[in-house]
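Numbering (the numbering used here), first residue to last: -15 to 319.
A quick write-up on the structure given underneath.
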Amino acid sequence: MATARVAAIAHYLPEGTTTFDEIGQNHPDWNVAKLSKSLGITQLPKSAPDEFSSHLATEAARRLLTDNNIDPARVDYILLVTQTPDFPLPTTACLVQEALGLRQEIGALDVRLGCSGYVYALGLAKGLIESGQSSCLLLLTADVLTKIVNPDDKSTAPVFGDAGTATLLVAGESGGVGPLVYGTDGEGAGALVVPCGSIRPGASLNPESTPEARELASQGYDLYMDGSAVFNFTLTTVPKLVEDTLAAAEWAKDDVDLYVFHQANSFMLNHLRKKLKISEDKFWVRMGEEGNTGPSTIPLALSQAAAEGRLTPDSKVVLAGFGVGLSWAGAAVTW
């Protein structure tokens, strides 16, 4: 039976940036030097006012297809993971299909999930390919999180950046994606929420999430994050997630060539690495110039690792996504 494997990967960062010096100028009462050191971030990629998730996804896909000399006519499915779709409807994946000039006889849909979304979508791609519904699938991620962050919110404004990524998955004979492990805890949904701009008021999910409760002037969306709750959830959930993923793959911890976790912030990642007793040389942390890009962090990290020669044929990789939902997912991938 064919197995889904990663054939190519690419990423795109918008040209605009926000530096911590600029954040400090706008907020002289924030200790931006301390924030930058703790988060492991020096600047954030920022989309232009007329640049949206469909544009970031499209550009990442174009780079992947061009750089790898792939005929766009081969693509028969698009999965687009985004928390910031261009519109409530139509589906952003449909806009990307048109922008790329792909044929009409393909599937295209959005996956509305955040930090764990890429790993979840790998599972969906695996099912589509191994069931014979697709043979050449574009898995895209894209978010313009800087457009939904309140610039005066210290817990989110210095954290989130914009990015798009593209992963091509095809049918192979060995290795590939999986097994995968999933988890969901909707009871913690109020820890990460966009309280404004939706059909349902955010106060109904978490009264503390409203801009009024945070003493902020609303910018229309006002992404809210309970950092302590998310940190505690992560330290409790992720170690077991990694252990379960290794057990499902029947891999020993030392068998793994590279561990790539959701790049939330370097402080959290270092805590997880130490708790799991993973050596630094096998643990990927590269978010200084990207920040937290939501579902794009893992594929962005994989794209960077591949460019640096850290991923070669048959490399064993463990992926761990975790966050908004609350939701988590792990995957064992043979490159």
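Glycine included, every Cβ here is placed at the ideal spot set by N, Cα and C.
None of these values were measured; they are calculated from a predicted model.
Whole-angstrom distance between residue j and residue i, CA atom to CA atom
{"i": "Gly8", "j": "Asp146", "result": "20 Å"}
{"i": "Ala313", "j": "Gly307", "result": "10 Å"}
{"i": "Val128", "j": "Ala315", "result": "25 Å"}
{"i": "Glu157", "j": "Asn15", "result": "53 Å"}
{"i": "Pro(-2)", "j": "Lys30", "result": "6 Å"}
{"i": "Glu192", "j": "Leu123", "result": "35 Å"}
{"i": "Val59", "j": "Gly160", "result": "18 Å"}
{"i": "Leu219", "j": "Leu86", "result": "42 Å"}
{"i": "Tyr208", "j": "Thr194", "result": "8 Å"}
{"i": "Pro185", "j": "Val178", "result": "9 Å"}
{"i": "Phe215", "j": "Ala109", "result": "29 Å"}
{"i": "Phe144", "j": "Thr318", "result": "29 Å"}
{"i": "Ile183", "j": "Glu82", "result": "28 Å"}
{"i": "Gly107", "j": "Asp169", "result": "19 Å"}
{"i": "Thr277", "j": "Ile54", "result": "26 Å"}
{"i": "Tyr205", "j": "Gly167", "result": "27 Å"}
{"i": "Leu153", "j": "Ala(-9)", "result": "6 Å"}
{"i": "Asp137", "j": "Leu200", "result": "7 Å"}
{"i": "Met252", "j": "Phe4", "result": "19 Å"}
{"i": "Cys99", "j": "Thr1", "result": "21 Å"}
{"i": "Ser202", "j": "Asp241", "result": "45 Å"}
{"i": "Val302", "j": "Cys180", "result": "35 Å"}
{"i": "Pro135", "j": "Leu19", "result": "15 Å"}
{"i": "Gln88", "j": "Ala236", "result": "44 Å"}
{"i": "Phe245", "j": "Arg294", "result": "15 Å"}
{"i": "Arg46", "j": "Glu227", "result": "36 Å"}
{"i": "Phe217", "j": "Asn10", "result": "32 Å"}
{"i": "Leu97", "j": "Leu84", "result": "23 Å"}
{"i": "Asp34", "j": "Thr221", "result": "38 Å"}
CB contact flag (residue i, residue j, <7 Å)
{"i": "Ala32", "j": "Ile62", "result": "no"}
{"i": "Thr66", "j": "Pro283", "result": "no"}
{"i": "His(-5)", "j": "Ser287", "result": "yes"}
{"i": "Asp94", "j": "Leu64", "result": "yes"}
{"i": "Glu273", "j": "Gln27", "result": "yes"}
{"i": "Ala44", "j": "Thr149", "result": "yes"}
{"i": "Met271", "j": "Gly24", "result": "yes"}
{"i": "Leu189", "j": "Gly174", "result": "yes"}
{"i": "Gln247", "j": "Thr281", "result": "yes"}
{"i": "Trp268", "j": "Ala290", "result": "no"}
{"i": "Val80", "j": "Thr42", "result": "yes"}
{"i": "Val165", "j": "Thr229", "result": "yes"}
{"i": "Leu225", "j": "Ala105", "result": "no"}
{"i": "Pro12", "j": "Thr125", "result": "no"}
{"i": "Leu48", "j": "Pro56", "result": "no"}
{"i": "Leu112", "j": "Ser118", "result": "yes"}
Residues bridged to residue i [DSSP beta-bridge criterion]
{"i": "Gln324", "result": "Given that the chain is displayed from residue -15 to residue 319, the structure contains no residue 324 and the question cannot be resolved."}
{"i": "Val301", "result": "Leu242 and Val317"}
{"i": "Trp312", "result": "Gly167 and Phe306"}
{"i": "Gly91", "result": "Tyr61"}
{"i": "Phe(-8)", "result": "Checking the sequence, you will find Ala at residue -8 rather than Phe. Leu152."}
{"i": "Thr(-13)", "result": "Gly156"}
{"i": "Asn10", "result": "Answer is none; Asn10 lacks a bridge partner."}
{"i": "Asn276", "result": "Phe144"}
Close-in-space but distant-in-sequence residues of the same chain around residue i (CB under 7 Å, 5 per side omitted)
{"i": "His255", "result": "Leu219"}
{"i": "Gly162", "result": "Lys110, Ala315 and Ala316"}
{"i": "Ala197", "result": "Pro191"}
{"i": "Asp239", "result": "Lys300"}
{"i": "Asp51", "result": "Ala(-6)"}
Same chain, Cβ closer than 8 Å to residue i, five either side skipped, listed in chain order
{"i": "Glu114", "result": "Met(-15), Ala(-14), Thr(-13), Ala(-12) and Ala155"}
{"i": "Lys259", "result": "Leu219 and Pro223"}
{"i": "Asp70", "result": "Phe36, Ser37, Ser38, Thr76 and Leu79"}
{"i": "Asn249", "result": "Ser22, Leu23, Gly24, Ile25, Val143, Met271 and Asn276"}
Neighbourhood of residue i by C-beta distance below 6 Å, restricted to the same chain and skipping five residues each side
{"i": "Leu176", "result": "Met209 and Val308"}
{"i": "Ile262", "result": "Tyr243"}
{"i": "Ala77", "result": "Ile62, Leu64, Ala92, Leu93 and Asp94"}
{"i": "Asp265", "result": "none"}
{"i": "Ala187", "result": "Thr194"}
{"i": "Ser311", "result": "Ser100 and Thr168"}
{"i": "Pro72", "result": "none"}
{"i": "Ala213", "result": "Ala175"}
Beta carbon proximity, residue i to chain C, threshold 7 Å
{"i": "Thr1", "result": "In the structure shown, chain C does not exist; there is a single protein chain."}
Can you list, in chain order, the stretches of the beta strand (DSSP E) that have 3 or more residues and sit fully within the segment 107 to 193? 120 to 127, 147 to 156 and 160 to 168
For a minimum of 4 consecutive residues, which ranges assigned as the alpha helix (DSSP H) are wholly contained in the segment 201 to 273? 211 to 233 and 250 to 260
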